[in-house]
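K.L.:
Residue numbers (my numbering): 12 to 372.
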């Protein structure tokens with residue numbers, strides 16, 4: 012396994028590469044490749060049965076955390092645009108029938124609940140898309156009747172969010188291309204955005220040129236809260252927190268921005284007891300109280316087109332930093348929301364990988 016070392020420097024390229032015996036940096040950089048592989052599958056007319064379809068609902072059955080976060084992101088991004096209700100569920104609901112489209116997504120082909128969700132949706136006559144490995148019980152449940160979009164690039168489960176996101180977007184666009192035009196970019200463009208971020212985050216780039224390393228340096232050795240200023244970024248913050256925990260063992264709470272603002276008074280620094288200056292050599296917690304701690308650093312995720320407005324919204328927090336793609340690069344146009352989501356997902360996954368390699372805490 013990749014053993015974290017507290018002596019590694021984020022700018023020591025050789026040491027980072029040598030320490031990464033599990034290839035976690037490479038896996039974190041494969042988000043664009045996963046999207047591109049999904050685009051290639053869609054180009055093979057796998058979803059042609061959905062073109063022109065007007066279902067009663069689209070149900071996204073999410074079998075694990077990464078699929079669930081992708082489902083939350085798609086609902087948050089497209090619910091206001093779609094003429095069809097978009098619903099997420101852990102299993103196929105009992106009301107599903109021939110008028111519905113069901114997308115069953117997960118990463119464990121042996122998950123009996125996932126296989127039963129596929130079988131139940133097919134029994135009830137729904138159109139079914141399977142976004143899971145084509146093997147084991149799931150292959151038996153699909154039995155040539157479902158539209159299959161299995162992963163073509165295998166990565167650990169922690170890095171599968173963008174694959175699920177690409178599949179969900181492709182399904183909605185297949186039915187509602189007109190309504191989603193201008194909101195959902197072509198999957199090839201989405202892949203380019205993810206690949207561009209992975210290129211900026213490569214180990215050879217120094218911290219001040221590398222967004223993922225810079226993010227890791229702001230998280231390292233700090234109490235951190237992740238806040239989303241919208242439904243989209245709140246879901247993305249939850250994914251970021253789970254990625255930091257699963258990959259690097261770093262604990263960072265994730266919430267919607269209003270919840271963090273409500274807790275503002277409890278995020279400030281813990282002062283030394285009695286107002287005295289803190290000396291770590293003489294400090295006794297039983298006599299002097301808890302060790303003073305810096306304020307919680309709040310990283311506010313935003314896809315707001317107006318960066319200044321996003322900053323003003325969170326300005327009341329004691330130690331706040333905005334994490335946003337807008338205004339970051341020399342692009343004249345603001346990237347679409349799905350592209351911003353892809354970029355920030357790659358950034359946090361790469362940051363988690365760097366934190367694991369340098370020891371995280």
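All residues carry an ideal CB built from backbone N, CA and C; glycine is no exception.
For residue 214, count the other beta carbons within 10 Å of its own beta carbon; 16 or more makes it buried, fewer makes it exposed. Which is it?
P.N.:
Flag for residue 214 reads buried.
K.L.:
Run through DSSP, which three-state label would residue 114 get?
P.N.:
Correct three-state label for residue 114: strand.
K.L.:
In chain order, what residues of the same chain lie with their CB nearer than 7 Å to the CB of residue 355, ignoring the 5 residues before and after it?
P.N.:
Excluding residues within five positions, the ones whose Cβ falls inside 7 Å are 247, 312, 334, 336.
K.L.:
Would residue 296 be called buried (16 or more neighbouring beta carbons within 10 Å of its own) or exposed?
P.N.:
By the neighbour-count rule (16 or more Cβ atoms within 10 Å), residue 296 is not buried but exposed.
K.L.:
Classify residue 381 as buried or exposed, calling it buried when 16 or more other Cβ atoms lie within 10 Å of its own Cβ.
P.N.:
The displayed coordinates of the chain run from 12 to 372. Any statement about residue 381 would go beyond what the structure contains.
K.L.:
Exposed or buried, which one is residue 174 when buried takes at least 16 other CB atoms within 10 Å?
P.N.:
Classification of residue 174: buried, given that the 10 Å Cβ count is 16 or more.
K.L.:
Could you tell me the alpha carbon to alpha carbon distance between residue 220 and residue 361, rounded to whole angstroms?
P.N.:
Each residue's alpha carbon lies about 14 Å from the other.
K.L.:
Considering only the alpha carbon of each residue, which of 83, 309, 276 lies closest to residue 349?
P.N.:
Nearest of 83, 309, 276 to residue 349, Cα basis: 83.
K.L.:
Helix, strand or coil for residue 178 per DSSP?
P.N.:
Three-state DSSP puts residue 178 in a helix.
K.L.:
Name the one or two DSSP bridge partners that residue 309 has.
P.N.:
Looking at the DSSP assignment, residue 309 forms a beta bridge with 236, 331.
K.L.:
Measuring alpha carbon to alpha carbon, tell me which residue in 330, 352, 259 is nearest residue 6.
P.N.:
With the chain covering 12 to 372 only, the question about residue 6 has no answer from this structure.
K.L.:
To the nearest angstrom, how far is the alpha carbon of residue 210 from that of residue 302?
P.N.:
Their Cα atoms are separated by approximately 41 Å.
K.L.:
Whole angstroms are fine: how far does the CA of residue 147 sit from the CA of residue 138?
P.N.:
Straight-line Cα distance between these residues: approximately 21 Å.
K.L.:
Which runs of the beta strand (DSSP E) spanning at least 3 residues fall entirely within the segment 75-101, listed in chain order?
P.N.:
You should have 97-100.
K.L.:
Rounded to the nearest angstrom, what separates residue 156 and residue 130 at their Cα positions?
P.N.:
Residue 156 and residue 130: Cα-Cα distance of roughly 10 Å.
K.L.:
Within its chain, find whatever has a CB closer than 8 Å to the CB of residue 205; leave out the 5 residues flanking it on each side and keep chain order.
P.N.:
Result list for residue 205: 42, 43, 46, 173, 353, 354, 356, 357, in chain order.
K.L.:
Straight-line CA distance for residue 306 to residue 325?
P.N.:
So the two alpha carbons sit approximately 15 Å from each other.
K.L.:
Can you tell me which of the three DSSP states residue 64 falls into?
P.N.:
Three-state result, residue 64: coil.
K.L.:
If you measure from the CB of residue 300, is any heavy atom of the ligand ADP nearer than 6 Å?
P.N.:
Among the ligands in the structure shown, none appear at all, so the ligand ADP cannot be discussed.
K.L.:
What residues match up with residue 122 in a beta bridge as DSSP calls it?
P.N.:
None, per the DSSP bridge assignment.
K.L.:
Taking only the alpha-carbon atoms, compute the straight-line gap between residue 145 and residue 309 and give it to the nearest angstrom.
P.N.:
Distance between the alpha carbons of residue 145 and residue 309 is about 41 Å.
K.L.:
State buried or exposed for residue 35, treating a residue as buried only when at least 16 other CB atoms are found within 10 Å of its CB.
P.N.:
Residue 35 should be labelled buried.
K.L.:
Let's see if you can read the secondary structure: which residues bound the alpha helix (DSSP H) around residue 54?
P.N.:
Unbroken alpha helix (DSSP H) run through residue 54: 42-54.
K.L.:
Distance cutoff 7 Å, beta carbons only. Does residue 268 sit that close to anything in chain D?
P.N.:
In the structure shown, chain D does not exist; there is a single protein chain.
K.L.:
Starting from residue 264, trace the beta strand (DSSP E) in both directions and tell me its first and last residue.
P.N.:
Here the beta strand (DSSP E) through residue 264 covers 263-267.
K.L.:
With DSSP run on the structure shown, which of helix, strand or coil describes residue 276?
P.N.:
Helix at residue 276.
K.L.:
According to DSSP, is residue 138 part of a helix, a strand, or is it coil?
P.N.:
Strand at residue 138.
K.L.:
Near residue 235, what residues of its chain come up, given a Cβ to Cβ distance below 6 Å and the 5 sequence neighbours on each side ignored?
P.N.:
Here the set comprises 263, 308.
K.L.:
Who are residue 71's beta bridge partners in DSSP?
P.N.:
For residue 71, which the question treats as bridged, DSSP gives the partners 99, 114.
K.L.:
I need the straight-line Cα distance from residue 208 to residue 237, nearest angstrom please.
P.N.:
Near 20 Å, if we compare the C-alpha coordinates of residue 237 and residue 208.
K.L.:
Are the segment 71-81 and the segment 98-117 touching by the rule of at least three beta carbon pairs closer than 8 Å?
P.N.:
Output reads yes: the segment 98-117 touches the segment 71-81.
K.L.:
For the segment 140-199, list the beta strand (DSSP E) runs that are entirely contained and at least 3 residues long, ordered along the chain.
P.N.:
Complete beta strand (DSSP E) runs here, min 3: none at all.
K.L.:
Can you tell me which of 274, 184, 365, 228 puts its alpha carbon nearest to the alpha carbon of residue 88?
P.N.:
When only C-alpha atoms are compared, the closest one is 184.
K.L.:
Could you spell out the range, first to last residue, of the alpha helix (DSSP H) harbouring residue 358?
P.N.:
Per DSSP, residue 358 belongs to the alpha helix (DSSP H) from 348-369.
K.L.:
Determine, using beta carbons only, whether residue 99 and residue 73 come nearer to each other than 7 Å.
P.N.:
Going by C-beta atoms, residue 99 is nearer than 7 Å to residue 73.
K.L.:
Can you give me the Cβ contacts of residue 363 inside the same chain, cut-off strictly under 6 Å, excluding the 5 residues immediately before and after it?
P.N.:
Excluding positions up to five away in sequence, the list reads 254, 255, 258, 259.
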